[in-house]
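Please read the structure below before turning to the comments.
Chains as they are written, first to last, in our numbering: chain A, 23 to 322; chain B, 4 to 234.
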């Protein structure tokens, strides 16, 4: 009976218990209304045993799981979607100018969407990909290839929807890069980086860099001609970083030495499937959280 | 009528309803004591979410369409001995490659400050670094290109620079594919000059009409009187 515990912050004034009447400390600060059937201490009718049991059970669950929050949330959701159509900013403030560039305000969502699609398809591709430049005794279409190239260029064709997965991965990556870039252009031209959104702009610049990094590490993975020679450019850029000692160190860290090989592929694989996605998802979460608490910049 | 419909429903007169009403009243009293942060902007929910849901469905379909109908096949396997005729990165890194390609040694009074390779790498940093300081050096309340033509012009110049650098990085390719371009433009040196001058032209193409538009008396007020009032 008395096992409906009350945390300090949660009063339970309505639960009628003859053994333990509600404490005065648990009452609201404001004096209760003088009239009304919903007075906490006096139920509107006499409680039967069934009522008491039901109410106790309800209060037991309610005090633990805060069911009313979810019920209220659902109700609000229902009323929002059924009774209130979203009012545009222009409509709400009765603006005279028209700013129907609203499609441009979803480019960030498009970038996130394509990143999610790339993640899902990338996980599936990762089941079959072999990050190895080993070429001994492996042939595909009659020519000697690396294991990495074979896993993406040949093996994926034998998997149901494997080629489609690679297609989706490729195209979502293309769309993501384009969307991130256009999103940044939109933010620049509407000058949405101004106070109070400076930090989010910086995070966005970081996300652009990491997106380009994901793309670069991604097209190095199949170990094709494009991969090899793009990797060569990257390696030379890393080696040219001033001063020379730092350049060598960067090349060794990112590309695994001053020449391309198995170490390069291993590092690119780790960057592409583990490090960069984790950093990017964390930054995206932070980015969207800040958008959430600051609101979208006024599209006046 | 609409406001009446938007009201929250009255709880039914049951015991559970009484309980809920009481708890909600207590919570409302608590909430009334707190101070709430003023948010500048329009709400994420439902405005943003509803619009995004539509676009997400649409663009998922677009990506399936692209993946299904425009196949992307792998290049030949890597061959360290067989350097291809033309080396290019993916399209979104062409600007960086263009910077590497356009960089010349920097010399001052006969001393070489930067070699071409080093200057190319430094230029990459110099192009990205301004992005980090934009929000801290561009102050004021303007939110539209017409309110601040200088920055709109800078943006157009930057976009044009990204485009011309990308074009410069593939100039060998397009000259081989379309020889009339080589006849039209001339030699490669003119390519480099165009790469650097077209962004300046783009700046003025954006800047001059916007300044002219801004100069029309009362333009902003006529355009969005209410906007300026609420702010």
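Ideal Cβ positions, reconstructed from N, Cα and C, are used throughout, including at glycine. Computed from a predicted structure; not experimentally measured.
Listed by chain order, chain B residues near residue i by CB distance under 8 angstroms
i              : result
residue 193(A) : 66, 69, 70, 73, 75
residue 144(A) : Ordered by position in chain B, no residue passes the 8 angstroms Cβ test against residue 144(A), which lies about 13 angstroms from the chain.
residue 186(A) : 70, 71
residue 80(A)  : 19, 22
residue 174(A) : 77
residue 255(A) : 90, 92, 100, 103
residue 284(A) : Those within 8 angstroms of residue 284(A) in chain B number zero; the least Cβ separation is about 12 angstroms.
Within chain A, the residues that residue i reaches when beta carbons sit closer than 8 angstroms
i              : result
residue 137(B) : 210, 215, 223
residue 155(B) : 211
residue 63(B)  : 135, 139
residue 120(B) : 258, 262
residue 158(B) : 207, 210, 211
residue 162(B) : 207
residue 172(B) : Ordered by position in chain A, no residue passes the 8 angstroms Cβ test against residue 172(B), which lies about 11 angstroms from the chain.
residue 124(B) : 259, 262, 263, 264
Cβ separation of residue i and residue j, assumed to be a contact under 8 angstroms, to the nearest whole Å
i              : j              : result
residue 93(B)  : residue 241(A) : 6 angstroms
residue 270(A) : residue 257(A) : Rounded, the Cβ-Cβ distance is 11 angstroms, inconsistent with contact.
residue 78(B)  : residue 131(A) : Going by Cβ atoms, the distance from residue 78(B) to residue 131(A) rounds to 32 angstroms, so no, they are not a contact pair.
residue 236(A) : residue 302(A) : 7 angstroms
residue 26(B)  : residue 90(A)  : 7 angstroms
residue 128(B) : residue 210(B) : Going by Cβ atoms, the distance from residue 128(B) to residue 210(B) rounds to 27 angstroms, so no, they are not a contact pair.
residue 188(B) : residue 177(B) : Incorrect: roughly 10 angstroms between the Cβ atoms, too far for contact.
residue 146(A) : residue 194(A) : Actually they do not touch by this definition, with Cβ atoms about 12 angstroms apart.
residue 287(A) : residue 59(B)  : At roughly 34 angstroms, the Cβ-Cβ gap does not stay under 8 angstroms, so residue 287(A) and residue 59(B) are not in contact.
residue 293(A) : residue 239(A) : 5 angstroms
Within chain A, the residues that residue i reaches when beta carbons sit closer than 7 angstroms
i              : result
residue 84(B)  : Here the premise fails: no neighbours, minimum Cβ distance about 11 angstroms.
residue 54(B)  : 124, 128
residue 78(B)  : 246, 247, 248
residue 148(B) : 211
residue 145(B) : 213
residue 58(B)  : 128, 131, 132
residue 205(B) : Correct list: empty, because the minimum Cβ distance to chain A is about 13 angstroms.
Proximity test, Cβ basis, 8 angstroms: residue i and chain E
i              : result
residue 183(B) : In summary, chain E is missing from the structure at hand, where the protein chains are A and B.
Interface residues of chain B facing residue i [CB-CB closer than 7 angstroms]
i              : result
residue 90(A)  : 23, 26
residue 238(A) : 96
residue 179(A) : Near residue 179(A) there are no residues of chain B at all, since even the closest Cβ is about 11 angstroms away, more than 7 angstroms.
Residue burial classification, residue i (beta-carbon count within 10 angstroms, cutoff 16)
i              : result
residue 215(B) : exposed
residue 23(B)  : buried
residue 17(B)  : exposed
residue 158(B) : buried
residue 29(B)  : buried
residue 95(A)  : exposed
residue 192(A) : buried
residue 144(B) : exposed
residue 318(A) : buried
residue 33(B)  : exposed
residue 268(A) : exposed
residue 144(A) : buried
residue 110(B) : exposed
residue 86(A)  : exposed
residue 8(A)   : In this structure chain A extends from 23 to 322, so residue 8(A) is not present and cannot be described.
residue 71(A)  : exposed
residue 99(B)  : buried
residue 106(A) : Any reading at residue 106(A) must be qualified, since the residue scores a pLDDT of 45, below 50, and its modelled position is unreliable; the value itself is stated next. Per the 10 Å Cβ criterion, exposed.
residue 212(A) : buried
residue 79(A)  : exposed
residue 165(A) : exposed
residue 217(A) : exposed
residue 68(A)  : exposed
residue 31(B)  : exposed
residue 148(B) : buried
Cross-chain neighbours of residue i in chain A, by beta carbon under 9 angstroms
i              : result
residue 87(B)  : 247, 248, 251
residue 114(B) : By Cβ distance, chain A contributes nothing, its closest Cβ being about 16 angstroms from residue 114(B), past 9 angstroms.
residue 151(B) : 213
Distance cut-off 7 angstroms: residue i Cβ against heavy atoms of the ligand MN
i             : result
residue 77(B) : The model depicted lacks the ligand MN and carries no ligand whatsoever.
Per-residue contacts from residue i into chain B (C-beta, under 9 angstroms)
i              : result
residue 241(A) : 92, 93
Three or more beta-carbon pairs under 8 angstroms between the region 182-197 of chain A and the region 275-295 of chain A, yes or no?
The region 182-197 of chain A, when compared against the region 275-295 of chain A, does not touch it at the 8 angstroms Cβ threshold.
Kindly provide the ranges of any alpha helix (DSSP H) runs that are 4 or more residues long and lie completely inside the region 52-135 of chain B, ordered along the chain.
You should have 52-72, 97-105.
Would you check if the region 243-256 of chain A and the region 80-92 of chain B touch, i.e. whether three or more CB-CB distances between them fall below 8 angstroms?
Touching, yes.
Give a yes or no on contact between the region 127-142 of chain B and the region 183-196 of chain B, applying the rule of three or more CB pairs nearer than 8 angstroms.
With the cut-off at 8 angstroms, the region 127-142 of chain B and the region 183-196 of chain B do not touch.
Three Cβ pairs or more, each shorter than 8 angstroms: is that satisfied between the region 113-132 of chain B and the region 192-207 of chain A?
Not touching, per the Cβ criterion.
Is there contact here, the region 219-226 of chain A with the region 166-185 of chain A, by at least three beta-carbon pairs under 8 angstroms?
Remark: fewer than three beta-carbon pairs, one from each stretch, lie closer than 8 angstroms, so the region 219-226 of chain A and the region 166-185 of chain A are not flagged as touching.
Decide if the region 58-71 of chain B is in contact with the region 127-134 of chain B; the criterion is three or more beta carbon pairs, one per stretch, under 8 angstroms apart.
No: fewer than three Cβ pairs fall under 8 angstroms.
Within the chosen definition, does the region 198-205 of chain B reach the region 160-173 of chain B through at least 3 CB pairs nearer than 8 angstroms?
When Cβ pairs closer than 8 angstroms are counted between the two stretches, the region 198-205 of chain B is seen to touch the region 160-173 of chain B, the count reaching three or more.
Inside the region 126-207 of chain B only - alpha helix (DSSP H) runs reaching at least 4 residues:
Fully contained in the region 126-207 of chain B are the following alpha helix (DSSP H) runs of length 4 or more, in chain order: 152-172, 174-180, 182-188.
Please give me, in chain order, every unbroken run of the alpha helix (DSSP H) with length at least 4 that falls completely inside the region 148-220 of chain A.
Listed in chain order, they are 169-175, 184-211.
Which complete alpha helix (DSSP H) runs does the region 220-299 of chain A hold, if anything under 4 residues is left out?
As far as the region 220-299 of chain A is concerned, its whole alpha helix (DSSP H) runs of at least 4 residues are 220-242, 247-261, 266-277, 284-292.
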